[in-house]
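*Asks:* In the numbering used here, the protein residues as written are 24 to 333. The beta-carbon is built from N, C-alpha and C at its ideal position, and this holds for glycine as well.
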Ligand SMILES: Cc1cc2nc3c(=O)[nH]c(=O)nc-3n(C[C@H](O)[C@H](O)[C@H](O)COP(=O)(O)O)c2cc1C
């Protein structure tokens, strides 16, 4: 029997398979590429570290703390700035046998547009807009929690690029559907759902917040049920328009990934699980492939949004 077709056309980006390595969890992928046993062609795409117009040194340490079934991070978008990424880093990695997706952030609408313009003139396959980063004081989450602001950012990025744009939605909102609807009307080609949930940790001996930034973003298995529900909600808004979702939040194995596909995702992202097992992306692809074969499904896209009943 023929193997199932794992290819996905995600918002115009051709992915060899639906598994994407998530922004902030592999930097610009160069350490991973050097890792023995890691095969770049095993994953559909890599989302690059969140990039701003000018370089950022990020938040004071500690920036990461382990939590039950997850982690809190407050990196604060440390990055070398868009020009350095496009001029120095991309030429080194553009020939990789996987798709590269930029992840952009800004503190003003204009900044988002300018960063999008810089990446428009680069070999990335698409641009993911981080309107949902909870770890920077200006911008980020403020855009992601207000449908009007989200729409302004998406419209500005749309002006700045003809590449596919993917809006990364925040779960830190009352109703994710209103922000998704606004982004859709402003011209997004795809969604990523979800970014991290806001949280904090307290050191009781010092009576201090553990993170230098006090608050951070919770990720990993702890957020999976929340993420699944949010994907399912976004799918309701996105499906009639044929806009795909990159489901993410706590995916650690192929069963998790399959749940996200069934709930409405066309692609799936893995982030925190990479800190434990950098090869997990390829393992998830293998697991999806055998599930499709076992279920007699010819393609992974046939699984998207197949949640039954209720
Ligand atoms: C250390 C760390 C850094 C992150 N940096 C970014 C970033 O720069 N831009 C972004 O959009 N998301 C960032 N994220 C969020 C992830 O891309 C992902 O959406 C989130 O962690 C949920 O997936 P996971 O539970 O598989 O990690 C970061 C997450 C972690 C853990």
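Suppose the cutoff is 8 Å on Cβ atoms and the five residues either side in sequence are ignored; what does the same chain contact list for residue 147 look like?
*Replies:* Stepping through the chain shown from its first residue, residue 147 is reached at position 124. So the qualifying residues of the chain are 71, 113, 123, 124, 125, 186.
*Asks:* So is the beta-carbon of residue 293 under 8 Å away from any non-hydrogen atom of ligand 2?
*Replies:* Ligand 2 is absent from the structure shown, which contains only ligand 1.
*Asks:* Give me the Cα-Cα distance between residue 265 and residue 34, rounded to the nearest whole angstrom.
*Replies:* As a working mapping, residue 265 is identified with position 242 in the chain shown. As a working mapping, residue 34 is identified with position 11 in the chain shown. In a straight line, the C-alpha of residue 265 is about 9 Å away from that of residue 34.
*Asks:* DSSP state of residue 250, grouped into three classes?
*Replies:* On the chain shown, position 227 is the one that residue 250 refers to. Reduced to three states, the DSSP call for residue 250 is helix.
*Asks:* With DSSP collapsed to three states, give me the class of residue 232.
*Replies:* Counting from one through the chain shown, the residue named residue 232 turns up at place 209. In the structure shown, residue 232 sits in a strand (DSSP, three-state: E or B).
*Asks:* Hey, which unbroken runs of the alpha helix (DSSP H) at 4 residues or more fall wholly within the segment 245-317?
*Replies:* 247-261, 277-285, 296-299
*Asks:* Let me check you understand the geometry: is the CB of residue 238 closer than 8 Å to at least one non-hydrogen atom of ligand 1?
*Replies:* Numbered from 1 along the chain shown, position 215 holds the residue referred to as residue 238. The answer is no for residue 238.
*Asks:* Out of curiosity, what's the CA-to-CA distance linking residue 80 and residue 130?
*Replies:* One-based indexing of the chain shown puts residue 80 at position 57. One-based indexing of the chain shown puts residue 130 at position 107. The alpha-carbon atoms of residue 80 and residue 130 are separated by roughly 15 Å.
*Asks:* Would you call the segment 171-187 and the segment 233-240 touching, i.e. three or more CB-CB distances under 8 Å?
*Replies:* no
*Asks:* Would you please state the rounded distance, in angstroms, between the beta carbons of residue 256 and residue 27? I believe it to be under 8 Å.
*Replies:* Residue 256 sits at position 233 when you count from the first residue of the chain shown. Residue 27 sits at position 4 when you count from the first residue of the chain shown. The beta-carbon separation of residue 256 and residue 27, rounded to 28 Å, does not stay under the 8 Å limit for a contact.
*Asks:* Would residue 73 be called buried (16 or more neighbouring beta carbons within 10 Å of its own) or exposed?
*Replies:* For the purposes of this step, residue 73 is taken as the residue at position 50 of the chain shown. Counting Cβ neighbours within 10 Å, residue 73 comes out buried, since at least 16 surround it.
*Asks:* Flag residue 94 as yes when its Cβ comes closer than 8 Å to any non-hydrogen atom of ligand 1, and as no otherwise.
*Replies:* As a working mapping, residue 94 is identified with position 71 in the chain shown. Yes, Cβ of residue 94 sits closer than 8 Å to a heavy atom of ligand 1.
*Asks:* Counting only runs of 3+ residues fully inside the segment 135-182, write out the beta strand (DSSP E) ranges in chain order.
*Replies:* 149-153
*Asks:* Could you pull the start and end residues of the beta strand (DSSP E) that residue 190 belongs to?
*Replies:* Position 167 of the chain shown, counted from the start, is the residue given in the question as residue 190. Counting along the chain, the beta strand (DSSP E) containing residue 190 begins and ends at 188-191.
*Asks:* State yes or no: is the C-beta of residue 209 within less than 9 Å of the C-beta of residue 178?
*Replies:* Counting from one through the chain shown, the residue named residue 209 turns up at place 186. Counting from one through the chain shown, the residue named residue 178 turns up at place 155. Against a cut-off of 9 Å, the Cβ pair of residue 178 and residue 209 comes out as a contact.
*Asks:* Rounded to whole angstroms, what's the CA-CA distance from residue 317 to residue 324? Just pull it up for me.
*Replies:* The count along the chain shown starts at 1 and reaches residue 317 at position 294. The count along the chain shown starts at 1 and reaches residue 324 at position 301. About 16 Å.
*Asks:* What number of angstroms, rounded off, separates the C-alpha of residue 141 from the C-alpha of residue 291?
*Replies:* For the purposes of this step, residue 141 is taken as residue 118 along the chain shown, with counting starting at 1. For the purposes of this step, residue 291 is taken as residue 268 along the chain shown, with counting starting at 1. Using only the alpha carbons, I get a separation of about 27 Å.
*Asks:* Thinking residue 242 and residue 117 are a contact (beta carbons under 8 Å), I'd like their distance in whole angstroms, please.
*Replies:* Within the chain shown, residue 242 is the residue found at index 219, counting from 1. Within the chain shown, residue 117 is the residue found at index 94, counting from 1. Not really, about 28 Å apart at Cβ, beyond 8 Å.
*Asks:* Can you tell me which of 295, 304, 192 puts its alpha carbon nearest to the alpha carbon of residue 207?
*Replies:* Counted from its first residue, the chain shown places residue 207 at position 184. It is 192 whose Cα lies nearest to the Cα of residue 207.
*Asks:* What's the gap between the Cα of residue 298 and the Cα of residue 48?
*Replies:* Your numbering for residue 298 matches position 275 in the chain shown. Your numbering for residue 48 matches position 25 in the chain shown. Near 8 Å, if we compare the C-alpha coordinates of residue 48 and residue 298.
*Asks:* Grab me the residues of residue 166's own chain with a C-beta within less than 7 Å of its C-beta, minus the 5 sequence neighbours each way, in chain order.
*Replies:* Numbered from 1 along the chain shown, position 143 holds the residue referred to as residue 166. Excluding positions up to five away in sequence, the list reads 154, 172, 173, 176.
*Asks:* How long is the line joining the alpha carbons of residue 219 and residue 262, rounded to whole angstroms?
*Replies:* Mapped onto the chain shown, residue 219 falls at position 196. Mapped onto the chain shown, residue 262 falls at position 239. In a straight line, the C-alpha of residue 219 is about 23 Å away from that of residue 262.
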